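Residue numbers (my numbering): 1147 to 1221. Every residue gets a Cβ at the ideal spot worked out from N, C-alpha and C, and that includes glycine. None of the values given here were measured: they were computed from a predicted structure.
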Amino acid sequence: MKAIKFILAVTVVLLSGYSLITGEYGSLPYTQLLLGLMLLVMGMTEMQEERKAIAILLYLSGGFSLFVSFYIILS
């Protein structure tokens, strides 16, 4: 789980940096999609560590982020 979370975090930072430097904001929905996936992975990690309140908040945040990114990508 740590490796997946690290890979997603690095990818989000790289895509965000690319968008910021070039002014090309077409990749932001994909950045948000990856951020939602990262939040879901973090929620799974927190659930394994028996921190259920934080895990539920991460699941809700990740789900909302995924919903918004899919809505933007499909529209």
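Taking the Cβ atoms as the reference, residue 1183 lies roughly 6 Å from residue 1154, within the contact range of under 8 Å. A Cβ-Cβ contact shorter than 8 Å links residue 1147 with residue 1191. About 5 Å separates the beta carbon of residue 1204 from that of residue 1188, a gap short enough to meet the 8 Å contact definition. If you compare the alpha carbons of 1169, 1150 and 1220 with that of residue 1181, the shortest gap goes to 1150. For residue 1192, the uninterrupted alpha helix (DSSP H) run begins and ends at 1174-1194, by DSSP. Non-local C-beta neighbours of residue 1185 in its own chain, meaning closer than 7 Å and more than five positions away in sequence, comprise 1204, 1207, 1208 and 1211, ordered along the chain.
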